[in-house]
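From first to last, the protein sequence lines are chains Z and P.
For the first sequence, the working numbering assigns the number 1 to the initial residue and increments by one for each residue that follows.
For the second sequence, the working numbering assigns the number 1001 to the initial residue and increments by one for each residue that follows.
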Amino acid sequence: MTMFDIWHDSHCRTVLAIIGAVLIGASVITASLSRGERGKTPLMINLRARVVAWWWMVALVVMALSLGFIATVVFFAFVSFLALREFITLAPTKRGDHRALFSVFFIALPMHYVLIAWPWYQFWAIFIPVYAFAFVAIRSALAGDCERYLERNSKIQFGLMACIYAIGHLPAFLVMGLPEGEIAGMRLLLWLLLVVQLSDVLQYVWGKLFGRKPVIPRLSPHKTWAGFLGGITSATIIGTGLWWLTPLLWYEASVLALIATLLGFCGGAVMSAIKRDVGVKDFGHAIGGHGGILDRIDSLIFSGPVVYHLIRWWLDLP
Amino acid sequence: MIAGFIRLVTGVQARWCGCVPESDQRIYFANHTSNLDGPVIWASLPPALRQRTKPVAAHDYWTATRLRRWLSSSLGCVLIHRTQITGANNPLVPLSAALESGGSLIIFPEGKRAAADADEPDVFKPGLWHLAQRFPNVALIPVHLENCNRILPKGDWVPVPVIVSVSFGEPITVNEGEDKEAFLIRARAAVIALGNDHV
């Protein structure tokens, strides 16, 4: 695949134009809501920061996709790295885990992305669950510190799965072997990112407008029924309307959008549970208004791999 | 450029809790768990302050190999002796010289890195007290470092990327009639308190 293919494809161009229009709309709406005294409330300051961050995130993703497959792989490898760094920072490990952690960051992570850049699907798909899983467990045990061993090792294994294995599925869409080639994968990736991230935004908007009763009160007071139902429904409708980005029929895309948004919600819920467990609100401060990288990509850790493998299975890809 | 690299690797976040980054003369004193401590504090300072702030490091350790010599000299470290102190190599002499020339210092009053899984810093050595006596106009700023030992623990040389936080606290001064032990205990408590602040 050559550079700038994304701009030569009319489907991709259309969806990028839609994203641009939505961002401009969001900027205009927040600016008009921010007029006068109301603009100084913490909610509005946070909202403006979120919109600015969205511009940056969209710009970075589009830039990576524009530069082609390898750039996309490198981009998501970097996202994995930053997310894992946030995760390990908050998940206390001990001195005995040092070498295991080193190999997760500097061997498992690059290896996972090299295998997809190759692309060597069969080995890539099992490398982390089979080999890295075994290695991390063994390496920490060999260091000889048994205190809280299971707890410490679970944290590293979870970070490995969520931050590396799952996120690594996103660039993999480009080389999953769709009949129309990499450009079809790129459309599908744009569709997934758009549906899942829009679902997050729409859950937030519905929740702020009508939200009262939390879905899981002990987990997050901000995830309300109105936000959940409104966000999932509207994002699924949008995902259905954008079926032409996927290799599926419109009703198939609709089911997939529902699965993706539900799993997106679950990803956020699981990461919230982890944040609650360690006693923090956000994983970091990397993205203004959003918290850390991991707070932004939490909705992709289940939806990414599941959608990827569902499509492989559904289209019977080799 | 070195500072940029350190910031990239450690994602260091400076938290100015008790003072602001100003250009008055200062001694930053911190808990010591990792060889990264000095470079991290140094890198977390704004560029203007960084130029005149020098980490203080152990002469025996940082001249032992060519690599360490190169690292310590490129960071502009002030090297002091820890063993076989005589009148000629009194550690206070180079420190005083650095302060007299208008610089600021980063020191680790424990004198060595704490054990790998230690929760609290070791007892402070008296150098901080002597400097406070000699230079009453230099602000003494407690600094708490978190996670440096997870990046590069004592006894290992491969790093693990973890986000480091550096908290700068409220300056402390020697109280009227306060003796050496009481002051050092208070200084150590100030560093520990900064660490408990945000956990």
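For every residue, glycine included, the Cβ atom is placed at its ideal position computed from N, Cα and C.
Where does the unbroken alpha helix (DSSP H) through residue i begin, and where does it stop?
i: Pro1109/P; result: Careful: Pro1109/P lies outside any alpha helix (DSSP H) and carries neither H nor E.
i: Ala1139/P; result: Ala1139/P -> not in any alpha helix (DSSP H); beta strand (DSSP E) instead, spanning Ala1139 to Glu1146.
i: Leu174/Z; result: Element bounds for Leu174/Z: n/a, residue is neither H nor E.
i: Ser48/Z; result: Residue 48/Z is actually Arg in this sequence, not Ser. Per DSSP, Arg48/Z belongs to the alpha helix (DSSP H) from Pro42 to Ser66.
i: Ala257/Z; result: Trp250 to Val278
i: Trp225/Z; result: Trp225 to Gly241
i: Arg296/Z; result: Ile293 to Ile297
i: Trp206/Z; result: Glu182 to Phe210
i: Tyr165/Z; result: Here Tyr165/Z belongs to no alpha helix (DSSP H), and DSSP marks it neither H nor E.
i: Tyr131/Z; result: Element bounds for Tyr131/Z: n/a, residue is neither H nor E.
i: Ala31/Z; result: Ser10 to Leu33
i: Arg345/Z; result: The requested residue 345/Z is not part of the displayed model; chain Z covers only 1 to 318.
i: Leu1094/P; result: With the sequence shown as reference, residue 1094/P is identified as Pro, and Leu is not the correct amino acid for it. From DSSP, the alpha helix (DSSP H) with Pro1094/P extends over Leu1092 to Glu1100.
i: Glu86/Z; result: Phe69 to Leu90
i: Met111/Z; result: Leu109 to Ala117
i: Trp1070/P; result: Arg1066 to Ser1074
i: Ile1006/P; result: Ile1002 to Thr1010
i: Ala286/Z; result: Looking at the DSSP string, Ala286/Z is not in any alpha helix (DSSP H), and its letter there is neither H nor E.
i: Pro1039/P; result: Asp1037 to Ser1044
Please list, in chain order, the chain Z residues whose beta carbon lies closer than 8 angstroms to that of residue i.
i: Pro1153/P; result: Arg95 and His98
i: Ile1248/P; result: For chain P, the structure presents residues 1001 to 1199; residue 1248/P sits outside this window and is missing.
Tell me which residue opens and which closes the beta strand (DSSP E) that residue i is part of.
i: Ser1165/P; result: Ser1165 to Phe1168
i: Lys155/Z; result: Where Lys155/Z is concerned, there is no enclosing beta strand (DSSP E), although the alpha helix (DSSP H) it sits in stretches over Tyr149 to Gly159.
i: Leu315/Z; result: First-last for Leu315/Z: undefined, no H or E at that position.
i: Trp124/Z; result: Taken as a continuous stretch (DSSP letters only), Trp124/Z belongs to no beta strand (DSSP E), being part of the alpha helix (DSSP H) at Tyr121 to Ile126.
i: Ala1057/P; result: Thr1053 to Ala1058
i: Gln1084/P; result: Element bounds for Gln1084/P: n/a, residue is neither H nor E.
i: Ala1030/P; result: Arg1026 to Ala1030
i: Arg1015/P; result: Gln1013 to Trp1016
Checking 8 angstroms against the spacing of the C-beta atoms, do residue i and residue j come in under that value?
i: Pro1171/P; j: Leu1152/P; result: no
i: Val61/Z; j: Leu16/Z; result: no
i: Val1123/P; j: Ala1098/P; result: no
i: Ile1080/P; j: Ala1114/P; result: no
i: Phe87/Z; j: Cys163/Z; result: yes
i: Pro1021/P; j: Leu1067/P; result: no
i: Thr1053/P; j: Ile1106/P; result: yes
i: Pro1142/P; j: Val1191/P; result: yes
i: Ile259/Z; j: Val306/Z; result: yes
i: Ser27/Z; j: Val51/Z; result: yes
i: His169/Z; j: Gly304/Z; result: yes
i: Phe302/Z; j: Gly267/Z; result: yes
i: Gly227/Z; j: Gln203/Z; result: yes
i: Leu23/Z; j: Trp56/Z; result: no
i: Ile1041/P; j: Leu1145/P; result: yes
i: Pro1126/P; j: Ala1187/P; result: no
i: Pro1091/P; j: Leu1075/P; result: no
i: Ala132/Z; j: Ala108/Z; result: yes
i: Arg13/Z; j: Thr93/Z; result: no
i: Phe105/Z; j: Leu84/Z; result: yes
i: Ile1027/P; j: Leu1194/P; result: no
i: Asn1137/P; j: Ile1163/P; result: no
Among the options, which has the Cα closest to the Cα of residue i?
i: Gln1013/P; options: Val196/Z, Ile293/Z, His290/Z and His285/Z; result: His285/Z
i: Arg309/Z; options: Phe127/Z, Ala166/Z and Gly267/Z; result: According to the sequence displayed, residue 309/Z carries His and not Arg. Among Phe127/Z, Ala166/Z and Gly267/Z, the Cα nearest to that of His309/Z is on Ala166/Z.
i: Leu245/Z; options: Leu170/Z, Leu188/Z and Val79/Z; result: Leu188/Z
i: Ser1096/P; options: Arg1082/P, Asp1179/P and Leu1128/P; result: Leu1128/P
i: Leu229/Z; options: Val130/Z, Pro214/Z, Pro110/Z and Phe106/Z; result: Pro214/Z
i: Asp1024/P; options: Pro1109/P, Ser1104/P and Ala1118/P; result: Ser1104/P
i: Arg99/Z; options: Cys1148/P, Pro1091/P and Trp1157/P; result: Trp1157/P
i: Asp5/Z; options: Glu37/Z, Thr30/Z, Leu65/Z and Ala21/Z; result: Leu65/Z
i: Ser272/Z; options: Ala83/Z, Lys223/Z, Trp313/Z and Thr233/Z; result: Lys223/Z
i: Gly144/Z; options: Gly279/Z, Phe69/Z, Gly96/Z and Met3/Z; result: Gly96/Z
i: Gly181/Z; options: Lys281/Z, Pro247/Z and Ile156/Z; result: Pro247/Z
i: Ile237/Z; options: Leu249/Z, Val195/Z, Gln203/Z and Asp277/Z; result: Val195/Z
i: Pro119/Z; options: Ile293/Z, Phe173/Z, Ala91/Z and Met44/Z; result: Phe173/Z
i: Trp7/Z; options: Ile183/Z, Val114/Z and His290/Z; result: Ile183/Z
i: Gly1011/P; options: Leu1036/P, Asn1031/P and Cys1017/P; result: Leu1036/P
Which residues in chain Z sit within 9 angstroms of residue i, going by Cβ to Cβ distance?
i: Gly1011/P; result: Leu82, Arg85, Glu86, Thr89, Gly284 and Ala286
Give the residues of chain P in contact with residue i, contact being defined as C-beta atoms less than 8 angstroms apart.
i: Phe102/Z; result: Val1158, Pro1159 and Val1160
Mind listing the chain P neighbours of residue i? Cutoff is C-beta to C-beta under 7 angstroms, in chain order.
i: Phe105/Z; result: Val1160 and Pro1161
So does residue i have its beta carbon nearer than 7 angstroms to some heavy atom of the ligand HEM?
i: Thr1053/P; result: Absence of the ligand HEM is noted for the structure shown, with no ligands found whatsoever.
Going along the chain, which residues of the region 125 to 143 of chain Z sit with their C-beta nearer than 9 angstroms to a C-beta in chain P? Correct list: empty, as no residue qualifies.
So if I threshold CB-CB distances at 7 angstroms, which residues from the region 1126 to 1153 of chain P count as touching chain Z? So the list reads Asn1147 and Pro1153, given in the order they occur along the chain.
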